[in-house]
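Below you'll find the structure, written out as structure tokens, and then a few comments.
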Amino acid sequence: MSFTLSQVGEHQVSVTFRGKHLQGSPFTLEVKDKPVYRREYSKVGDRPVSQFGSKGVSDGQFGWAWSVVCNLVGEIVVADTDNHRIQVFDRNGKFLFKFGSRGNGNGQFDRPCGATVDQRNNQIVVADAWNHRIQIFDEKWRAEESLGRWSFVEWDIVVSEDDGNKLQIFDSEGIFVRIVGAGRVKDPGHLIVDSDDNILVADYGNRRIQLFDQNGKHIKTIGTGQIHDPLSVCMDRDGRIIVCEGGDDAESISIF
39 MSFTLSQVGE HQVSVTFRGK HLQGSPFTLE VKDKPVYRRE YSKVGDRPVS QFGSKGVSDG
99 QFGWAWSVVC NLVGEIVVAD TDNHRIQVFD RNGKFLFKFG SRGNGNGQFD RPCGATVDQR
159 NNQIVVADAW NHRIQIFDEK WRAEESLGRW SFVEWDIVVS EDDGNKLQIF DSEGIFVRIV
219 GAGRVKDPGH LIVDSDDNIL VADYGNRRIQ LFDQNGKHIK TIGTGQIHDP LSVCMDRDGR
279 IIVCEGGDDA ESISIF
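Using this note's numbering, the first residue of the sequence shown is number 39, and each one after it goes up by one.
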């Protein structure tokens, strides 16, 4: 037997059998609204509204910032690849804390090259590249388990193909649907899909962010002449576009 709660808020749930409560019943269950990631793109300019970070090993500095993502409370999480750590900042770019060091133990990394956040429980999932594993951390950034550049949406799987200079879209069964961005992107990096199924991709080779709708129509180019080596892009719940730049020309986070 199953039942799905659809109304957002706290609910008192009772489970009984033959008139008697089962162990733990009644209990309180909170239903949270699904995060919405949306932006009026016509109002997004080429120049970032703020930037933070520089090359180095100190707090707030990066040794090849490879990936950026926002958690459910708006904190900015950066995979600091060559420094073998994850750094966390508030929404304004103020350094909060870091975790990880070089090694192969739980909570250690060898060139973490990607990070994402589980929108159901705020867990962070890190691609620990040279340890050939995925590590999962709880909200207190403790390693929970290891498993050992796709962006998943309900209707499709979107794959950035850097050598092919295009994006490919597949359905949930892995069947090819369409190509997006051919002739417009060069060495595309990480990508995201917003709540309207628009695709934002870090167009690394052209040093910009490209925006396409779900049918592959180009909507907008962002950051031309303002960003250098965009490896990753994400969006927070306020609709701000956050770009991770890592490479010889820049080590910073730009916010649009």
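No residue lacks a Cβ here, since even glycine has one placed at the ideal position from N, Cα and C.
Query raised in the report: In chain order, what residues of the same chain have a beta carbon less than 6 Å from the beta carbon of Arg278, not counting five sequence neighbours either side?
Result: Stepping through the sequence shown from its first residue, residue 278 is reached at position 240. Cβ within range, chain order: Ile293.
Query - Inter-residue Cα distance where the pair is Ser290 and Ala240 - result: Mapped onto the sequence shown, residue 290 falls at position 252. Mapped onto the sequence shown, residue 240 falls at position 202. C-alpha separation (whole angstroms): 14 Å.
**Report entry** DSSP-derived helix/strand/coil call for Asp166
**Finding:** As a position in the sequence shown, residue 166 is number 128, starting the count at 1. Asp166 falls in the strand class under three-state DSSP.
Query raised in the report: Is Lys81 helix, strand or coil by DSSP?
Result: The residue labelled residue 81 in the question sits at position 43 within the sequence shown. Helix at Lys81.
Query - Alpha-carbon spacing of Val191 relative to Cys272, whole angstroms - result: Taking the sequence shown and counting its residues from 1, one reaches residue 191 at position 153. Taking the sequence shown and counting its residues from 1, one reaches residue 272 at position 234. Note that Val191 scores a pLDDT of 41, beneath 50, so its modelled location is shaky and nothing firm can be said.
Requested in this report: Go ahead and label Trp188 buried or exposed: buried means 16 or more other beta carbons lie within 10 angstroms of its beta carbon, across all protein chains shown.
Outcome: Residue 188 sits at position 150 when you count from the first residue of the sequence shown. In this prediction, Trp188 has a pLDDT of 38, which is less than 50 and means its spatial position is unreliable; what the coordinates show is noted afterwards. The residue is exposed, with fewer than 16 neighbouring Cβ atoms inside 10 Å.
Report task. Would you mind giving the Cβ-Cβ distance between Val115 and Ile162, rounded to the nearest angstrom? I have them listed as a contact below 8 Å. Result -> Within the sequence shown, numbered from 1, the residue matching residue 115 stands at position 77. Within the sequence shown, numbered from 1, the residue matching residue 162 stands at position 124. Indeed they touch by this definition, with Cβ atoms about 6 Å apart.
Query raised in the report: What did DSSP end up calling Thr259 once you bin it into helix, strand or coil?
Result: As a working mapping, residue 259 is identified with position 221 in the sequence shown. Residue state, collapsed to three classes: strand.
Requested in this report: Tell me, please, which residues DSSP counts as bridged to Thr54.
Outcome: For this step, residue 54 is matched to residue 16 along the sequence shown. Answer is His59.
Query - Residue closest to Gly285, alpha-carbon to alpha-carbon, out of Gly243, Gly254 and His256 - result: Along the sequence shown, read from residue 1 onward, the residue named residue 285 stands at position 247. Gly285 has its Cα closest to that of Gly243, out of Gly243, Gly254 and His256.
**Report entry** Three-pair Cβ contact test at 8 Å for the stretch 92-102 versus the stretch 244-258
**Finding:** Flag = no, the stretch 92-102 and the stretch 244-258 do not touch.
Query raised in the report: Taking the alpha-carbon positions, what's the Ile230 to Ile237 distance?
Result: Sequence index remark: in the sequence shown, residue 230 carries index 192 (1-based). Sequence index remark: in the sequence shown, residue 237 carries index 199 (1-based). Ile237 has its alpha-carbon roughly 6 Å from the corresponding atom of Ile230.
Query raised in the report: In three-state terms, what does DSSP make of Asp209?
Result: In the sequence shown, the residue the question calls residue 209 occupies position 171. In the structure shown, Asp209 sits in a strand (DSSP, three-state: E or B).
**Report entry** Beta bridge counterpart(s) of Gly284 as assigned by DSSP
**Finding:** As a position in the sequence shown, residue 284 is number 246, starting the count at 1. Paired residue(s): Glu289.
Query raised in the report: For Asp241, does the three-state DSSP call read helix, strand or coil?
Result: Locating residue 241 in the sequence shown gives position 203, counting from the first residue. Assigned with DSSP and collapsed to three states, Asp241 falls in strand.
Report task. Under the assumption that Phe147 contacts Asp120 (Cβ atoms under 8 Å), give the Cβ distance between them as a whole number of angstroms. Result -> For the purposes of this step, residue 147 is taken as the residue at position 109 of the sequence shown. For the purposes of this step, residue 120 is taken as the residue at position 82 of the sequence shown. The C-beta distance from Phe147 to Asp120 rounds to 11 Å, too long to fall under 8 Å, and the pair is not in contact.
Query raised in the report: If you draw a straight line from the C-alpha of Asp118 to the C-alpha of Cys151, how long is it?
Result: Residue numbering aside, residue 118 sits at position 80 when the sequence shown is read from its first letter. Residue numbering aside, residue 151 sits at position 113 when the sequence shown is read from its first letter. Using only the alpha carbons, I get a separation of about 8 Å.
Query raised in the report: Between Leu249 and Pro226, is the Cβ-Cβ spacing less than 8 Å?
Result: Position 211 of the sequence shown, counting from 1, holds the residue named residue 249. Position 188 of the sequence shown, counting from 1, holds the residue named residue 226. No.
Query - Residue environment, Ile213, which counts as buried when at least 16 other CB atoms sit within 10 Å - result: Here the question's residue 213 lines up with position 175 in the sequence shown. With fewer than 16 Cβ atoms within 10 Å of its Cβ, Ile213 is classed as exposed.
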